[in-house]
Structure formats: C-alpha cells, structure tokens
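Residue numbers (our numbering): 1 to 310.
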C-alpha cells in the first residue's frame with residue numbers, strides 16, 4: 001500500500017496551510033525501522049524550523065517497528081509516503097523528491113538532529129549564490145566531536161589503496177587537513193545533509209537507482225559538478241549525525257550489495273580496469289569481513305535488485 005494516495009496530509013507551517021507556490025524548502029527523509037531516530041529528528045525540525053515556508057516528506061521503506069504510527073500520531077503535519085517493502089535508499093529519496101514542491105530540496109538522513117539555524121543558513125547561502133547547485137554542512141558526533149564528511153571524487157587508485165587498508169596513502173581523496181569551519185567549494189560532501197537547488201535536479205535527475213546503498217551520493221555530486229554547478233560546504237552550519245545506523249546492522253547480503261555499488265562506480269569511471277584491478281581486491285576484502293563464500297558472489301554478474309536493508 002502506498003500511503004501517498006491514502007494518507008497525504010495538508011502541509012502546515014506554524015498552524016497555517018501551505019500552498020505549493022509558498023514552499024521554499026522541501027525536507028526529504030527516508031526511513032527504515034528508525035522509530036526513535038525519526039522522532040528525535042522530526043522533533044528537532046519543530047524546535048528549529050526554517051523561517052521560510054517548508055514541508056517535511058518522510059518516505060518509509062516498509063518499517064515494522066511502529067515508525068509509521070509514530071509519525072501519524074506525533075507529527076501529523078508530515079507528508080508520509082509508506083512503501084510496503086524496503087525499496088532502498090536511492091529510490092526512497094527519488095520518491096520523496098517526486099512528491100516535493102520546494103525551490104530547494106534538503107536530503108536528510110533519519111539519523112540526524114537539526115541544530116539552531118543551520119538549515120536556515122544553508123537556504124540563505126543558496127539564495128545568495130545562484131551559481132551554487134548544492135550545499136552541505138558540518139556533521140558532529142553525539143559528543144560534539146567532528147565527523148570527516150568531505151572527500152574528493154575517488155579515482156581507481158584511491159579505491160585500491162582504501163580497500164588494501166592503505167588509507168594513509170590516499171591523501172588527495174581523503175582531504176586531510178580540510179578545514180570544516182571554513183565555507184569553501186567541495187567535490188563530494190556526504191548526502192547525509194545535502195541541500196540541492198530544484199533546477200539542478202530537474203537538469204540532471206536525483207539518485208541513480210543502480211546505486212542502492214553506497215556511492216549514490218558520490219555519483220550525484222559528480223553529475224552536479226559535470227553539469228557546471230558548484231557544491232559548497234557551509235562552514236557555520238552544523239547538525240548532529242548518529243552515523244551509519246542502518247548499515248551497522250548489515251547482513252552478508254547487504255555487505256555484498258555495498259561492495260557491488262563500489263565496483264559499479266569505478267566501472268562507470270574506469271571501465272574494464274576496475275574489474276582487472278579493483279574486483280580482486282574487493283573480493284578478498286569482503287571475504288575477510290564476512291568469512292563466508294557469499295563474498296565470491298561479487299565475481300558474478302550483478303542482478304538487478306530492488307530491496308535492501310540500508
């Protein structure tokens with residue numbers, strides 16, 4: 001059942017109904033079995049609402065933990081789209097965007113918490129800089145320490161070094177020394193909190209659904225840059241990010257899918273060399289993680305998958 005047909009709610013801002021033409025910002029949040037997380041996040045949006053008209057769209061991927069009932073009861077202003085099964089992170093975000101109306105679209109992980117005026121500052125930056133297609137902000141751990149969330153676009157060499165556990169040699173990719181308190185252009189910020197201009201998405205599309213769980217944000221940022229738009233890290237905005245909540249529960253099948261996504265990106269970028277150089281490295285690495293012959297399925301042609309635990 002698709003709750004977008006039966007449970008579509010009026011969009012309200014501070015007690016008044018929003019018309020489509022009023023919406024400045026659409027906040028799109030995919031959710032899968034994150035009941036406590038989604039309560040904290042939606043509560044933080046209520047506590048720190050953007051001053052301009054906005055809407056919140058939650059796309060629930062078949063949760064069985066009571067997430068839908070919680071949102072309906074405690075946050076009736078949210079536009080809730082309910083999928084009967086887990087269609088994956090990329091597709092959930094694409095569904096949310098298709099139902100949105102804002103000039104700007106904020107992709108937000110369900111494992112985040114909004115702080116103070118951070119969303120407002122991101123909106124203001126996009127309003128002032130018309131050549132910027134997307135903005136990101138600083139991510140903090142729950143104890144207030146900094147998370148590294150910006151990288152350069154990965155080359156095949158970077159991937160090989162990373163999955164051979166030689167991270168220290170991939171200095172270009174990992175952007176050591178990046179100043180997370182300075183506003184500056186970046187190539188690839190995490191899509192945990194990524195605000196995109198609607199006209200950019202209309203030009204290039206949102207997520208490529210071949211990337212079901214990993215590298216969808218890398219691919220998206222590369223397409224934004226390729227289309228001639230800038231991506232900027234806003235150094236005076238920050239949110240809390242609990243971090244990889246869904247992937248921490250990953251099954252062997254999910255781990256396999258994650259590695260397939262990594263390989264797919266580098267096949268798109270480097271062609272046959274990715275299979276020659278990176279595929280053996282990823283297979284050995286995955287076998288070391290899983291201690292299971294499931295890892296060797298990475299060597300097989302990739303089937304089209306539609307549902308994953310992310």
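The beta carbon of each residue, even a glycine, is placed where N, CA and C say it ideally should be.
Under the three-state reduction of DSSP, which class applies to residue i: helix, strand or coil?
i	result
residue 96	helix
residue 185	strand
residue 122	helix
residue 209	coil
residue 60	strand
residue 198	helix
residue 241	strand
residue 287	helix
residue 138	strand
residue 33	coil
residue 218	helix
residue 104	strand
residue 41	helix
residue 261	helix
residue 173	helix
residue 112	strand
residue 296	helix
residue 72	helix
residue 276	helix
Go through its chain and collect everything with a Cβ distance to residue i's Cβ below 7 Å, but skip five positions before and after it.
i	result
residue 277	156, 160
residue 22	53
residue 116	48
residue 283	295, 296, 298, 299
residue 43	none
residue 178	150
From residue i to residue j, what distance separates their C-alpha atoms?
i	j	result
residue 201	residue 297	34 Å
residue 118	residue 45	11 Å
residue 171	residue 164	14 Å
residue 299	residue 279	7 Å
residue 154	residue 73	43 Å
residue 64	residue 85	10 Å
residue 55	residue 104	11 Å
residue 263	residue 275	8 Å
residue 83	residue 169	43 Å
residue 141	residue 78	26 Å
residue 166	residue 281	12 Å
residue 185	residue 41	27 Å
residue 76	residue 292	45 Å
residue 139	residue 147	6 Å
residue 289	residue 260	15 Å
residue 214	residue 100	24 Å
residue 29	residue 272	36 Å
residue 241	residue 162	23 Å
residue 94	residue 183	28 Å
Less than 8 Å between CB atoms is the rule here; does residue i satisfy it with respect to chain D?
i	result
residue 119	In the structure shown, chain D cannot be found, because there is only a single protein chain.
So, using beta-carbon positions, are residue i and residue j closer together than 8 Å?
i	j	result
residue 149	residue 190	yes
residue 67	residue 34	yes
residue 152	residue 203	no
residue 211	residue 90	yes
residue 137	residue 71	no
residue 180	residue 235	yes
residue 193	residue 108	yes
residue 198	residue 102	yes
residue 81	residue 62	no
Excluding the 5 residues preceding and the 5 following residue i in the sequence, name in chain order all residues of the same chain whose CB lies nearer than 6 Å to its CB.
i	result
residue 31	38, 58, 60, 67, 110
residue 287	295
residue 195	104, 106, 122, 135
residue 270	156
residue 237	118, 121, 122, 137
residue 208	219
residue 222	153
residue 114	44, 45, 48, 239
Please return the same chain residues whose Cβ sits closer than 8 Å to the Cβ of residue i, not counting the five positions on each side in sequence.
i	result
residue 16	The predicted model places residue 16 with a pLDDT of 31, which falls under 50 and marks its position as unreliable; any figure quoted below should be read in that light. Here the set comprises nothing.
Any chance the CB of residue i is under 7 Å from a heavy atom of the ligand MN?
i	result
residue 137	Questions concerning the ligand MN fall outside what the structure shown contains, since it holds no ligand whatsoever.
Inset, instruction - Indicate whether the contact test is met: 3 or more Cβ pairs, each with one atom in the stretch 251–271 and one in the stretch 118–129, closer than 8 Å. - result: no
Inset, instruction - Report yes or no: do the stretch 123–134 and the stretch 227–241 share at least 3 C-beta pairs separated by less than 8 Å? - result: The stretch 123–134 is in contact with the stretch 227–241.
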